[in-house]
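Structure first, then comments.
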Amino acid sequence: MPENQPTHSMLSLVGNTPLVELPKLAPKSGIRIFAKLEGGNPSGSVKDRIVLAMVEAAEAQGVLKPGDTIVEASTGNTAIALAFVAKQKGYKVRVVLPRGVVPSMADVLHLYGAEFEWCEPSGGMRGAIEAAKALAAEEGVHELGQFTRSENVDTHYRTTGAEIAAAIDSVDAFVAGIGTGGTIMGVGKRLREEFPGVKVIGVEPRLGDRLQGLRSLAEGYIPPLLDLDTLDGRFLVDSASAIEAARSVVQSEGFLAGVSSGATLTGALRVAERMDHGNIVVMFSDGGWKYLPAQPWDAAAEHEERLDEVHWW
Ligand SMILES: Cc1ncc(COP(=O)(O)O)c(C=O)c1O
13 MPENQPTHSM LSLVGNTPLV ELPKLAPKSG IRIFAKLEGG NPSGSVKDRI
63 VLAMVEAAEA QGVLKPGDTI VEASTGNTAI ALAFVAKQKG YKVRVVLPRG
113 VVPSMADVLH LYGAEFEWCE PSGGMRGAIE AAKALAAEEG VHELGQFTRS
163 ENVDTHYRTT GAEIAAAIDS VDAFVAGIGT GGTIMGVGKR LREEFPGVKV
213 IGVEPRLGDR LQGLRSLAEG YIPPLLDLDT LDGRFLVDSA SAIEAARSVV
263 QSEGFLAGVS SGATLTGALR VAERMDHGNI VVMFSDGGWK YLPAQPWDAA
313 AEHEERLDEV HWW
């Protein structure tokens, strides 16, 4: 028997991602930083986990059958994950994207043959969610529902959080970006059970004027899955700092991480300032390749305003 057997199912490749130490980014000798590399999921981001879980839950409830259409609002990664899972399982996909998402997200969806429509930037992500809801109601089709369904949190508790706990002896701080809140709520709960005393820290993007909306908690909107009382801290990270930090990962460790990974790393380094020693785990929710056509690195170096007009994550 050959040692490495081929895999017969793409869907079986979802999850079980590596946790890797980033020694060159440790700011002091007692601090160790570990990244959970989600870019290796088959469609390229952490969102494969929740989409698969939500689709399978809907199937188990009998509300989806092959050939049906699934609708969702997304800034890109969830839409791409949905397009992937739908190909595997035989569903059609319709996605609502807020204008201002990274253009290559739409290019990938086009390649998949997924139908998508744009929502005006003034409504931000909240506008896109409302548009997806209206579409699902009008057409009588299934809405995936990443912002409201409990499977989003549960799957991070069962998989992402459990994988981290199995890979490392202790976690002193966990840092994740906040979009729907699914990652930080699910992984945070699991790590608190396994490592009492762990600090669970959220990172939010600072959105620019044109796209203020759902995920800028400072604006007063809290995603329904997010319970702020369970977090030990939150940082706002602007796009230029996130992009610069993502660049520092390439330059020091040679790994091309996505923009939100730069944001979580920035958060981790701020947490490290208050610690003498300990293990910090950060989410690297996707890789950096699909951001390259938008040329964020040059714009960040020149502090261009357009940085704040893009939904980077
Ligand atoms: C690249 C990236 N990082 C982080 C997040 C935030 O994850 P969550 O929705 O679980 O809060 C998202 C969600 O859109 C994302 O696409």
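Each residue of the sequence shown is one higher than the last, beginning at 13 in the working numbering.
In this text, a Cβ means the ideal position worked out from N, Cα and C, and glycines have one as well.
Computed from a predicted model, the values in this text were never measured in an experiment.
Flag D298 as yes when its Cβ comes closer than 7 Å to any non-hydrogen atom of ligand 1, and as no otherwise. True, at least one ligand heavy atom lies under 7 Å from that Cβ.
Given this structure, state the Cα-to-Cα distance separating Q17 from D244, to the nearest angstrom. About 43 Å.
Within 7 Å: the Cβ of N89 and any heavy atom of ligand 3? You won't find ligand 3 in this model; what it holds is ligand 1.
Between the stretch 92 to 108 and the stretch 52 to 59, are three or more C-beta pairs nearer than 8 Å? Yes: at least three Cβ pairs fall under 8 Å.
Could you check if W325 belongs to the surroundings of ligand 1, using beta carbon to heavy atom distance under 7 Å? Relative to ligand 1, W325 has its C-beta within less than 7 Å of a heavy atom.
Within the stretch 140 to 198, note down every full beta strand (DSSP E) run reaching 3 residues or more, in order along the chain. Here the runs fully enclosed are 185 to 189.
Taking L156 and E265 to be in contact with their CB atoms under 8 Å, please state how far apart those CB atoms are, rounded to whole angstroms. Your pair L156 and E265 does not check out as a contact, with CB atoms roughly 34 Å apart and the cut at 8 Å.
Which residue from E151, V212 and V26 puts its Cα closest to that of T171? Each of E151, V212 and V26 was checked against the Cα of T171, and the nearest Cα belongs to V26.
Cβ contact check for the stretch 277 to 297 and the stretch 316 to 324: 3 or more pairs under 8 Å: Taking 8 Å as the limit for Cβ pairs, the verdict is that the stretch 316 to 324 does not touch the stretch 277 to 297.
May I ask you to report which of helix, strand or coil DSSP gives D298? DSSP places D298 within a strand segment (E or B) once states are collapsed to three.
Do K201 and G173 count as a contact pair if the criterion is CB distance below 8 Å? For G173 and K201, yes; Cβs fall inside 8 Å.
Which stretch, first to last residue, makes up the beta strand (DSSP E) that contains A85? Element bounds for A85: T81 to A85.
Taking DSSP as the reference, what is the three-state secondary structure of P110? DSSP places P110 in the strand class (E or B) of the three-state scheme.
Quick check on the DSSP output: the beta strand (DSSP E) that includes K59 runs from which residue to which? It is not in any beta strand (DSSP E) - K59 instead sits in the alpha helix (DSSP H) that spans K59 to A72.
DSSP state of A47, grouped into three classes? DSSP places A47 in strand when its eight states are reduced to three.
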